[in-house]
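Top to bottom, those sequences are chains A and B. Read in my numbering, the first sequence has 876 at position 96, and its numbers run on one by one without any break. Read in my numbering, the second sequence has 1078 at position 298, and its numbers run on one by one without any break. Every residue gets a Cβ at the ideal spot worked out from N, C-alpha and C, and that includes glycine. Here the structure is a predicted model, which is why all the values come from computation and not from measurement.
Number of protein chains: 2
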Amino acid sequence: MTAPDDAPISVREIGSFHVGGGLVTLSGLAPRELVSVPGGPVHHADPNGEIAAGQMYVQFVALAQPRGRVPVLMWHGGGGSGVNWETTPDGREGWQMRFLRAGVDVYLCDSVERGRATWAPYPYVYTSEPFFRTAREAWEVTFRFGPAGSWDPDPARRVAHPGQRFPVDTVDQFMKQTMPRWATNDQAAQAAYQALIARVGPCVLVAHSQGGHFALDTALAAPDQIRAVVLLDASGAPDPSLADAALLRDVPHLFVWGDFLDRHPFWVGTVPPVRRWYEALRDAGVDADWLDLPARGIHGNSHALMMDDNSWEIAELVLDWLRAHELIASGPAG
Amino acid sequence: MTAPDDAPISVREIGSFHVGGGLVTLSGLAPRELVSVPGGPVHHADPNGEIAAGQMYVQFVALAQPRGRVPVLMWHGGGGSGVNWETTPDGREGWQMRFLRAGVDVYLCDSVERGRATWAPYPYVYTSEPFFRTAREAWEVTFRFGPAGSWDPDPARRVAHPGQRFPVDTVDQFMKQTMPRWATNDQAAQAAYQALIARVGPCVLVAHSQGGHFALDTALAAPDQIRAVVLLDASGAPDPSLADAALLRDVPHLFVWGDFLDRHPFWVGTVPPVRRWYEALRDAGVDADWLDLPARGIHGNSHALMMDDNSWEIAELVLDWLRAHELIASGPAG
């Protein structure tokens, strides 16, 4: 049983740390001038020297009496951050709070280059320019809020998919969560995710979108530490011809999918490679489940499954799956 | 009495939101190509369209039975973020957790352009390039870890001020918290801070460094909402010839200062304007205190007062001052 929605939770500690990365040295850059505060003194700024790069930010809430056997690590997607698991754009409790209420210690993170991980300058450290997701891209391409051509800067003229469960009236709030991203930092991000596992130890991964590929690769790299992997609309997966699914024989996997996948070319191209990895896992005897929400009668979910108007219901499906795999203790709340 | 250090705290909700800003439109930019995940499909990215800009990120912990009369909002300094109030670089509980243990609801924020607020592209939205603080700048100039010329990339060759209270062995961890910053976003940041006050209502501000100037300006803009302002090494203040200190007659102020201020030219230039504002407040009859820690016999504090090895002691001084001003209820924990 999950505690009633308004019951307090008993928290041992809230905290954070950075993991991975280290100092790198910038050199050969021209000096600059900076005024720190309006009207304040001019500060001669030498951009050369050591800065930090390659680290990830991790934020944890440790319960006084967790019922989870291990903590749950929630990994965001591309252009996202740990914020995606906090309060939803329309102000409801996010998955962080829902999982805490279910008795599970939750670790959120901002991967390398995102949010509180901070980022490093380009082209000196990062080798390319960042991408900034536009609202049109989110709406029409990645997040499946509406069909191609249906975004409009004027809220009154936007057209969402019929039955859309994302709270589209708050898409501006959603866009405020959107992080610039680079296409050239995947190795640094993967290294930081693995450094996180080395620090936290045994855990469950719950990963969204691009975070799914990082989670699947991390499970392959540390199968003895990962107790389960839950993937929300994973946007990538290992290639079965290059990776050995049998390494994951003791790691249950749950692939969760929203709606409208066949109406968006990005997803038409993205789902099959993930399906191939799922099938390789099954062939290798891994306990892997493919939860197609529309096939289960749950229609209208966007790519933002943890923010949609039935986000608590989907959280509960995942929590039930974790309970069924004995990763959350049953019985009365501790 | 603060609860024992290891006692759980009873939490009603942990959550977050963005405040301020909105969608802006980018146009005239050349198309780009993006591969979202290694080996994944090529994604044609049109950089033109609406993105969010000008927002601030806010994270709150609401206690089940707060003893604080109003929440405390902790505002970071330049190059900082809400992380600065979380776990210290050497792994001790930060001021967020210390204030929660004292019974106060705490709101952290990442100001415009920092951390989870996300940032907007330059030169299209922001009009200048960002600055990246180097470890040498932090060590020798702003954070007063050691004298000029004492930073060295080799940890064994770094020289800190004698009696330095910052945990200098973890300066790499500290640098991982450091955010790029712009010198041209102060107006947007001020607007977002004021939008935050409009949303949260009556509150206490605890502000560090550059955040101090924003806090002092915010108190002037909303003196009926700000119950007290606590400033840790404020790096700027209103000009008494331009601002009316008498507006703050009902807003007590506490200015807290660390050590080594006279050994760093940046601080030799920075303290006097803040002192002038303090004196203007006193002249206007405001309840304002100037807490020079070395004069109180507390030596060795860096600019990172909330991370130094006596950070809990300084937190307790601030909490005592808030209790003395009846902003935290006395008596047994609720």
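Could you pull out every residue in the same chain whose Cβ sits closer than 7 Å to the Cβ of residue i, ignoring the five residues on either side in sequence?
i: residue 916(B); result: 931
i: residue 1096(A); result: none
i: residue 1103(B); result: 1110
i: residue 959(A); result: 859, 860, 861, 894 and 895
So which of the options has the shortest CA-CA distance to residue i?
i: residue 1014(B); options: 950(B), 855(B), 1110(B) and 814(B); result: 855(B)
i: residue 869(B); options: 928(B), 859(B), 890(B) and 956(B); result: 956(B)
i: residue 952(A); options: 862(B), 1110(B), 799(B) and 1108(B); result: 799(B)
i: residue 1029(A); options: 1008(A), 1038(A), 1021(A) and 861(A); result: 1008(A)
i: residue 1146(A); options: 1105(A), 814(A) and 923(A); result: This structure cannot settle anything about residue 1146(A), because the visible part of chain A is limited to 781 through 1114.
i: residue 811(A); options: 914(B), 929(B), 894(B) and 1045(B); result: 914(B)
i: residue 1039(B); options: 980(B), 1074(B), 1025(B) and 802(B); result: 1074(B)
i: residue 944(A); options: 791(A), 1087(A) and 1105(A); result: 1087(A)
i: residue 1105(A); options: 850(A), 1016(A) and 1056(A); result: 850(A)
i: residue 1065(B); options: 959(B), 807(B), 1025(B) and 842(B); result: 1025(B)
i: residue 1090(A); options: 864(A), 872(A) and 939(A); result: 872(A)
By a C-beta neighbour count over all protein chains shown, 10 Å radius and 16 as the cutoff for buried, is residue i buried or exposed?
i: residue 1114(A); result: Its pLDDT being 43, under 50, residue 1114(A) is placed unreliably in this model, and the value from its coordinates should be taken loosely. Classification for residue 1114(A): exposed.
i: residue 1093(A); result: exposed
i: residue 728(A); result: The structure shown does not extend to residue 728(A), since chain A is modelled only from 781 through 1114, so no value can be given for it.
i: residue 1048(A); result: exposed
i: residue 1076(A); result: exposed
i: residue 888(A); result: buried
i: residue 1053(A); result: buried
i: residue 839(B); result: buried
i: residue 802(A); result: exposed
i: residue 876(B); result: buried
i: residue 1018(B); result: buried
i: residue 1004(B); result: exposed
Should residue i be flagged as near chain A, meaning a C-beta pair shorter than 8 Å?
i: residue 892(B); result: no
i: residue 852(B); result: no
i: residue 831(B); result: yes
i: residue 812(B); result: yes
i: residue 807(B); result: no
i: residue 896(B); result: yes
i: residue 1115(B); result: Summary: the structure shown does not reach residue 1115(B), with chain B confined to residues 781 through 1114, and so no result is reported for it.
i: residue 1009(B); result: no
i: residue 1114(B); result: Interpretation of residue 1114(B) is limited by its pLDDT of 43, a score under 50 that renders its predicted location unreliable; no figure is taken from the coordinates.
i: residue 796(B); result: yes
i: residue 781(B); result: Because the pLDDT of residue 781(B) is 44, which lies under 50, any placement of that residue in the model is unreliable, and the number read from its coordinates should be weighed accordingly. So no, residue 781(B) is outside the interface.
i: residue 1086(B); result: no
i: residue 957(B); result: yes
Under 8 Å between C-beta atoms, does residue i make it to chain B?
i: residue 790(A); result: yes
i: residue 870(A); result: no
i: residue 901(A); result: yes
i: residue 960(A); result: yes
i: residue 861(A); result: yes
i: residue 916(A); result: yes
i: residue 793(A); result: yes
i: residue 1046(A); result: yes
i: residue 827(A); result: yes
i: residue 867(A); result: yes
i: residue 876(A); result: yes
i: residue 883(A); result: no
i: residue 856(A); result: no
i: residue 844(A); result: yes
Just how far apart, CA to CA, sit residue i and residue j?
i: residue 781(A); j: residue 1002(A); result: Bear in mind that the predicted position of residue 781(A) carries a pLDDT of just 44, short of 50, making it unreliable; the figure below should be weighed with that in mind. Answer to the nearest angstrom: the Cα atoms are 31 Å apart.
i: residue 852(A); j: residue 1023(A); result: 25 Å
i: residue 831(B); j: residue 825(B); result: 14 Å
i: residue 866(A); j: residue 794(B); result: 8 Å
i: residue 927(B); j: residue 918(B); result: 11 Å
i: residue 1042(A); j: residue 1082(A); result: 12 Å
i: residue 785(B); j: residue 911(A); result: 44 Å
i: residue 985(B); j: residue 845(B); result: 20 Å
i: residue 954(B); j: residue 792(A); result: 24 Å
i: residue 935(B); j: residue 949(B); result: 8 Å
i: residue 904(A); j: residue 1062(A); result: 44 Å
To which residues of the same chain is residue i closer than 6 Å at the C-beta, ignoring the five residues directly before and after it?
i: residue 907(B); result: 964
i: residue 857(A); result: 988, 989, 990 and 991
i: residue 1101(B); result: 1034
i: residue 847(B); result: 883, 1108, 1109 and 1114
i: residue 814(B); result: 823 and 825
Using a threshold of 7 Å, is the CB atom of residue i nearer than that to any non-hydrogen atom of the ligand PLP?
i: residue 1054(B); result: The ligand PLP is not among the ligands present in this structure, which contains no ligands whatsoever.
Only counting the same chain, and skipping five residues up and downstream in sequence, which positions put a Cβ closer than 8 Å to that of residue i?
i: residue 969(B); result: 836, 891, 892, 893 and 994
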